[in-house]
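K.L.:
Residue numbers (the working numbering), protein chains in the order written: chain A, 19 to 121; chain B, -12 to 232; chain C, 919 to 1725.
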Ligand code: HEM
Ligand SMILES: [Cu+2]
Ligand SMILES: [Cu+2]
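What follows is the structure, given as structure tokens:
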């Protein structure tokens, strides 16, 4: 595929998922219905929505890193270098959370 | 440890927390001295035995310019070292966990120093028994006692902290301004006094007397004199003092 | 400033980018701070020698205790070690210099000005006076309304910048510029130790930088991260110690490297189990990031957490155990030459054992309920930081002095120096273990406490130790002129630096050395070859070109650092906004502006300067063979940025989970404007990548258009952001004074906005050059590198958007 099209495709996905993010907020248990209701009147629990939002953000970040920062096409040494860093960082973040919540 | 000996150590000690500390500290120190002596003896022995002498020769594998030295060392030795240390360290971890469980879990229900009718020395154990509030200020400690009547204002005193002997004293420590740390030095127990947070510790004083309380976290120019006196009194005296407040 | 106006000798040192000269600068500067901090310490010991003493006021004592700690930890230990690293590591791995020589110079100058800011704090209302750990909330402007603390924070920020630059630099150098055949496993322990140290630096320091930034903003603008009870003490504790524990290993590991290599040299044996030593260092470095809670055992973080931290902390002593045992096993069947350097390094091992064992005491959450905040802790970490680190590094000074100067020091005097240091040290610090009841950092104590005798003893020891160091300086100074000529390899060591003449010529190697499969290596500089001792009969394996020295002079690093210094003076020196109720202070804007302008000019000059760094071909660069140096550097830097933003976001989570209420979604910010900003940034990422595509195909117009669009979208982003900020502020409900939702929003998005702004400056620079027709076809790298940064900034926003607008 022509790289330009690839980049445009990635862009479309990024914008699309942002759209989902914005609209999913309407599904908060008692949110004022200012967004488009995607699933009729289903209300999702707060935790579920937060997880979905963070999941979408993670996916967007991954797309940007893989394609725009072309990690996908870099030598394995570099991409695993970044990966190791990210895994460490997220482990640490989770540790902070454990510490916040385990008493 | 036999009960008798235990009672004796208790008699000598100032508080239950000190007993906990002393026991654990001796365990650590026995092992530390053991390990330390072995390591230092080994080091000294090897240095003396293999020091350079007039006619001594370089070992065969001496690293020399022009060649990366050979790699030597046995994984086995590392394994032995690590295993031995792990055993020692496990003992220390287990001992520490037992000790900290005691230190940080106030016993179920506390003896209310006879302040409330119905809470006696023999029938204590009601969890609702009020605790004493300790608040750090730049640069003094403030102690608030529950009043005998419910909802009556707390009785507050600075600089001096009175408790009855043998009582289980549970204190809630906090701070009104900056980060302090409330430590009763001879009792070997302390906790941080942090604004907006309450940290609970407890102790059982075994001996009448006065003890030094001091702030253990640098909190400003008056930090060094931010201390208070803990007075452990006989129960009747304590009650007499308390009722006079 | 034109270079010609300065006398040549000064100019040489100001403009140098040579790793050896910078190494010397680091060593001298760190020794200067060592003396300064040592004088503070001896004054404190005098104050504490007898009870109820009033030699020093409590205020001054607190300042001394704080500045002493800060100086020793940040301005002495690491720079001392990195002085060696600068000088020795390129020689040891067979590189001609560091990967980015000008960046290296800049690191040094940032280090110097940061120290100046720290020292200046004494003259601006008093130096920081709340302990090197800077505990919150006492650091709020409300409790400490001094410019001195601002300056201290500025000094710390500057040194963190310096450290970050040099860690990226060393990392790239060591991964990418090793001599042909120099596998990682062939490196001596010292470069390994530095490599591992750098990893810890890269992950730990951003956390500290974020903490300092939040602290500064709190103080300057009255935000609430540390002055609120939802953030406050525990937020600081977490972010500080998350950095702080790795930091204590950061100051130790280089010394372990020196110790290990020196022991091998002076015992005449290959290090026993060197791969286990290195493996242990890696293990300890990783674990060091999950033990920080042991500094919070009595903060009430909960029984389960504290037990967890007890286990991790005790576990971290195992790798140290392996290191010590391996070093001791090296002695078996050895031929121990007790030169001064050997005495210092072996002595350091012994003291480290004591420090490590007592660390295990402190790892026990139960014992820590008694020992926390006492002199026992002071004794513990001095046994490690002075006993192991300083003693080890002094060993390194004796070890490498002949290499750096070509002269021998006086061995007898050095041995006396060791004896007095070692005995003085123990008289100084051992009594502190016995003072396990005495609170640390108290200005004086009552006679009734019974602490007087031990304190007096400790003071006596302190003076023995302190005065003994005079012998070091006298010895080295006198030997500079009068020492006997050392020759290239006085210790008959094997590492590559000893194959060069002492001191090595400016260009180090005539030809780059090369290591053959069988482990023999060719020197690369025949003039250094010592007569008849083990020179391999290998053929010439270097790549054969003889380089005249890289001209390596640049005025810009020192100017950039100076501009940063001015800038930081501006933002820290100022007036309380409201003298009667000091809550915030007002920066001194003219100075800020001067610094900023000078900085921009200097950076422009820096980037315009023709400074070619020769990249050797054919070098050993596993595992990053195919990755260009700059790209590796940028990715590494972005890794540090991830931690930095991670901590900012973590702080936001922290205060949010601790707050009972938080404004509902949509009630504060318009989801719409966040959405718009997201679209704008996403589009700018697309244009940035299109710029790269155009550059690669050689379309100048496409490149210009894409860059211009990127710039324009950046403007749009900042415009929407500014409107949002203003409207939130105008509503009054959401000024910075409104509490934590506002605090976290303004700071996090503000820092991100600054990143966007920096990116826009870069696009401008690129645009100017693109106009002149640069970056086309094979010349696209600058565009690519900018893109890496810009996309990263975009990714950050991808997270900030849901975190602030949607949940
Ligand atoms: C065997 C390894 C080690 C263990 C188990 C250990 C354990 C501990 C613990 C638990 C504390 C907290 C004590 C307290 O504040 O109550 C502590 C404090 C400290 N340790 Fe270590 N440590 C070790 C090695 C090191 C090393 C290698 C260094 C430095 C090079 C170091 C420097 C420090 C410092 C500076 C403090 C005091 C921080 C402060 O100012 O409060 N430790 N150590
Ligand atoms: Cu205090
Ligand atoms: Cu630590």
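All C-beta atoms in this analysis are idealised placements derived from N, C-alpha and C, irrespective of residue type, glycine included.
Residue 93 of chain B by DSSP, collapsed to three states: which one?
P.N.:
Reduced to three states, the DSSP call for residue 93 of chain B is coil.
K.L.:
Please indicate yes or no: does the CB of residue 213 of chain B lie closer than 7 Å to some heavy atom of ligand 2?
P.N.:
Correct: residue 213 of chain B has its Cβ closer than 7 Å to ligand 2.
K.L.:
Check whether the Cβ atoms of residue 1541 of chain C and residue 95 of chain A sit closer than 8 Å, and answer yes or no.
P.N.:
For residue 1541 of chain C and residue 95 of chain A, yes; Cβs fall inside 8 Å.
K.L.:
Against chain C, does residue 23 of chain A count as a neighbour if the rule is that its beta carbon must be under 8 Å from one of theirs?
P.N.:
Output row for residue 23 of chain A: interface = no.
K.L.:
Can you give me the C-alpha to C-alpha distance between residue 1413 of chain C and residue 1529 of chain C, rounded to a whole angstrom?
P.N.:
Distance between the alpha carbons of residue 1413 of chain C and residue 1529 of chain C: 31 Å.
K.L.:
Rounded to a whole number of angstroms, what is the C-alpha to C-alpha distance between residue 1725 of chain C and residue 29 of chain A?
P.N.:
Looking at the two C-alpha atoms, the distance is approximately 24 Å.
K.L.:
If you count every other CB in all the chains shown that lies within 10 Å of the CB of residue 3 of chain B, and 16 or more means buried, which is it?
P.N.:
Per the 10 Å Cβ criterion, buried.
K.L.:
Tell me whether residue 1213 of chain C, by its Cβ, gets closer than 7 Å to a heavy atom of ligand 2.
P.N.:
No, the beta carbon of residue 1213 of chain C sits no closer than 7 Å to any heavy atom of ligand 2.
K.L.:
Establish whether the CB of residue 1412 of chain C and some CB of chain B are separated by less than 8 Å.
P.N.:
Closer than 8 Å to some Cβ of chain B, the Cβ of residue 1412 of chain C qualifies, so yes.
K.L.:
Secondary structure at residue 129 of chain B, three-state DSSP: helix, strand or coil?
P.N.:
Correct three-state label for residue 129 of chain B: strand.
K.L.:
Taking residue 143 of chain B as the reference, give the member of B:152, B:119, B:155, B:89 with the closest Cα.
P.N.:
Nearest of B:152, B:119, B:155, B:89 to residue 143 of chain B, Cα basis: B:119.
K.L.:
Can you name the start and end residues of the beta strand (DSSP E) that residue 180 of chain B belongs to?
P.N.:
176 to 180 is the extent of the beta strand (DSSP E) around residue 180 of chain B.
K.L.:
How many whole angstroms separate the CB atoms of residue 1270 of chain C and residue 1302 of chain C, which I take to be in contact at a CB cut-off of 8 Å?
P.N.:
With 8 Å as the limit, residue 1270 of chain C and residue 1302 of chain C qualify as a contact, their Cβ atoms being about 6 Å apart.
K.L.:
Could you tell me whether any Cβ in chain C is nearer than 8 Å to the Cβ of residue 121 of chain B?
P.N.:
Not closer than 8 Å to any Cβ of chain C, the Cβ of residue 121 of chain B fails to qualify, so no.
K.L.:
Under 7 Å from any heavy atom of ligand 3, does the C-beta of residue 66 of chain A make it?
P.N.:
False, no ligand heavy atom lies under 7 Å from that Cβ.
K.L.:
Could you check which residue in B:16, B:214, B:197 has the C-alpha nearest to that of residue 234 of chain B?
P.N.:
No statement about residue 234 of chain B is possible, as the shown extent of chain B runs from -12 to 232 and does not include it.
K.L.:
Just to make sure I have the definition right: I need the residues of chain C whose C-beta is within less than 8 Å of the C-beta of residue 19 of chain B. Which are they?
P.N.:
The contacting residues are 1275, 1276, 1278, 1279.
K.L.:
Opposite residue 145 of chain B in the DSSP bridges: which residues?
P.N.:
Residue 145 of chain B is bridged to B:129.
K.L.:
Just to confirm the assignment, what range does the beta strand (DSSP E) spanning residue 188 of chain B have?
P.N.:
Here the beta strand (DSSP E) through residue 188 of chain B covers 186 to 190.
K.L.:
With residue 78 of chain A and residue 35 of chain A assumed to form a contact (beta carbons below 8 Å), what rounded beta-carbon distance in angstroms separates them?
P.N.:
At roughly 6 Å, the Cβ-Cβ gap stays under 8 Å, so residue 78 of chain A and residue 35 of chain A are in contact.
K.L.:
For the candidate residues B:76, B:196, B:59, whose alpha-carbon lies nearest to that of residue 171 of chain B?
P.N.:
Of B:76, B:196, B:59, the residue nearest in Cα terms is B:196.
K.L.:
If we ignore side chains and look at the alpha-carbon of each, how far apart do residue 1131 of chain C and residue 1642 of chain C end up?
P.N.:
Their backbone Cα atoms lie some 23 Å apart in a straight line.
K.L.:
Alpha helix (DSSP H) containing residue 1718 of chain C: first to last residue?
P.N.:
Here the alpha helix (DSSP H) through residue 1718 of chain C covers 1699 to 1719.
K.L.:
For residue 23 of chain A, which of helix, strand or coil comes out of DSSP?
P.N.:
Three-state DSSP puts residue 23 of chain A in a helix.
K.L.:
DSSP beta-bridge partners for residue 1505 of chain C?
P.N.:
In the DSSP output, where bridge partners are listed per residue, residue 1505 of chain C has C:1492.
K.L.:
Would you say the beta carbon of residue 167 of chain B is closer than 7 Å to some non-hydrogen atom of ligand 2?
P.N.:
For ligand 2, at least one heavy atom lies less than 7 Å from the Cβ of residue 167 of chain B.
K.L.:
Go ahead and label residue 219 of chain B buried or exposed: buried means 16 or more other beta carbons lie within 10 angstroms of its beta carbon, across all protein chains shown.
P.N.:
Buried.
K.L.:
Grab me the residues of residue 1531 of chain C's own chain with a C-beta within less than 8 Å of its C-beta, minus the 5 sequence neighbours each way, in chain order.
P.N.:
Within the same chain, residue 1531 of chain C has close Cβ partners 1015, 1017, 1018, 1019, 1468.
K.L.:
With respect to the alpha helix (DSSP H) encompassing residue 965 of chain C, which residues constitute its N-terminal and C-terminal limits?
P.N.:
Segment 937 to 966, the alpha helix (DSSP H) holding residue 965 of chain C.
K.L.:
With respect to the beta strand (DSSP E) encompassing residue 1661 of chain C, which residues constitute its N-terminal and C-terminal limits?
P.N.:
From DSSP, residue 1661 of chain C is part of no beta strand (DSSP E) but of the alpha helix (DSSP H) over 1658 to 1689.
K.L.:
Quick check on residue 123 of chain B: does DSSP put it in helix, strand or coil?
P.N.:
In this structure, residue 123 of chain B counts as strand in the three-state DSSP scheme.
K.L.:
Quick one: list the residues of chain C neighbouring residue 46 of chain A, beta-carbon separation under 8 Å, in chain order.
P.N.:
1583, listed in chain order.
K.L.:
Could you run through the segment 1696 to 1714 of chain C and flag, in chain order, every residue whose CB is less than 8 Å away from some CB of chain A?
P.N.:
Under the 8 Å Cβ criterion, the segment 1696 to 1714 of chain C contributes 1705, 1706, 1709, 1710, 1712, 1713.
K.L.:
Taking 7 Å as the cut-off, is the beta-carbon of residue 1166 of chain C closer than that to any non-hydrogen atom of ligand 3?
P.N.:
Answer for residue 1166 of chain C: yes, Cβ within range of ligand 3.
K.L.:
Are there any heavy atoms of ligand 3 lying less than 7 Å away from the beta-carbon of residue 1163 of chain C, as far as the coordinates show?
P.N.:
Yes.
K.L.:
How would you write the range of the beta strand (DSSP E) that residue 1036 of chain C sits in, first residue to last?
P.N.:
No beta strand (DSSP E) contains residue 1036 of chain C, which is instead part of the alpha helix (DSSP H) from 1019 to 1038.
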